[in-house]
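Here's the structure, in structure tokens; my notes come after.
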Amino acid sequence: MKHSPAAGSLWMLAATVSFALMGVFVKRAGSHFAFYELVFYRTAFAVVVLTVLALMQQRQFATPHVFAHVWRGLAGTLGLVLYFYAVVHLPLATAVTLNYTSPLWLAVLSVVFLRERLSRNVVWMLLCGFIGIVVLLRPSLNSGQEAAAVIALLSGAAGGWAYLQVRELTRLNEPEWKVVWSFSLIAALCCALWGFAAGWHGISRNHVPDLIGIGFFALIAQLCLTRAYKVGQKFVVASLSYFTVVFSVLFGLLVFGEILQWQEWAGIVIITLVGVAGSLSARKTT
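In case it helps, the working numbering puts the sequence shown at residues 802 to 1087.
Here it is, written out as structure tokens:
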């Protein structure tokens, strides 16, 4: 496929808007539904749509790497459950930014489990990222939101672990759609079992738009993200992914009236700049 930097950037910007809108609908629906229910509806929507598309295109669901998909699915499920909980209980921009620490966690996990060596630049970025996390967490830890803030940070760690699994699946030449489909299926099954054990909330007509919005924008974001990496320059595209934070700040203000303190702004800026710098420096070293 021919690469187009401009097209890749536009697809990624569409993905970031969609991810931020998904967060808006999650936060709206979170006043009625439990976070595991929201994860179920989000992933069940993706399973249905991706299954239909795969059947229409006569794709094969079988894989010789079942356990690799299971591990990726469980890690992704944990990350998504923790993230949705954080979105419901924290300002949208704060939850999204802490979740976007996953690249920092990925670097740490790569050292611990894969014995990879980090360059001096990556070590400095990790330190700066840690400073940003501390600055961003401080207002939350002083406002009775300690648990939600820690859970948001853990969602980033789980996301880093999931990305590590995705990287391994990529090396096994597993198609991207199958990775997304298997993750969505595992997450939907896990949350369905959780729902049957803990209970389900009823769905009224007023809740349907929010649930559809979660599933729709999550799927659109995933498709735009995949397209962006296919047609664009991957490191430029990766750096643009942090616009999700920018749009989350905007939607948090416009939809929920969330006003951030200066420490939160400082933490968001530091973490975002570290993520963008990490993406662009990776481009120079490959």
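Just so it is clear, CB atoms sit at the ideal spot from N, CA and C, and this is done for glycine as well.
Taking the alpha helix (DSSP H) that residue i belongs to, which residues open and close that run?
i, result
"I987", "977-999"
"E838", "836-857"
"P892", "Element bounds for P892: n/a, residue is neither H nor E."
"S956", "947-972"
"F862", "Premise fails: F862 is in no alpha helix (DSSP H) and is neither H nor E."
"S903", "903-915"
Straight-line CA distance for residue i to residue j?
i, j, result
"L915", "N900", "22 Å"
"Q1064", "A950", "14 Å"
"Q1023", "R939", "32 Å"
"N922", "A1078", "10 Å"
"G1114", "M813", "This structure cannot speak to residue 1114, because the chain is shown only from 802 to 1087."
"I1071", "F836", "29 Å"
"L883", "S911", "22 Å"
"L811", "A1039", "12 Å"
"D1011", "G1053", "16 Å"
"Q858", "A869", "24 Å"
"S832", "T864", "39 Å"
Since I believe residue j is in contact with residue i (beta carbons under 8 Å), could you give me their beta-carbon distance rounded to a whole number of angstroms?
i, j, result
"G877", "L905", "So it is not a contact: roughly 18 Å between Cβ atoms."
"A821", "S1049", "5 Å"
"G880", "A999", "That pair is no contact at about 20 Å."
"I934", "T902", "6 Å"
"V981", "L851", "7 Å"
Considering Cα atoms alone, identify which of the options is closest to residue i.
i, options, result
"L994", "E838, G1003, A816", "E838"
"I987", "M813, A815, W812, A847", "A847"
"L937", "A953, G1033, N922, G961", "A953"
"V827", "M813, Y842, T817", "Y842"
"H866", "R972, A816, H1008", "R972"
"F1018", "V1009, V913, T817, M823", "M823"
"K979", "C991, V853, N1007, R918", "V853"
Self-check item: Every unbroken alpha helix (DSSP H) inside the stretch 1020-1079 [4 residues or more]
Solution: 1035-1041, 1044-1057
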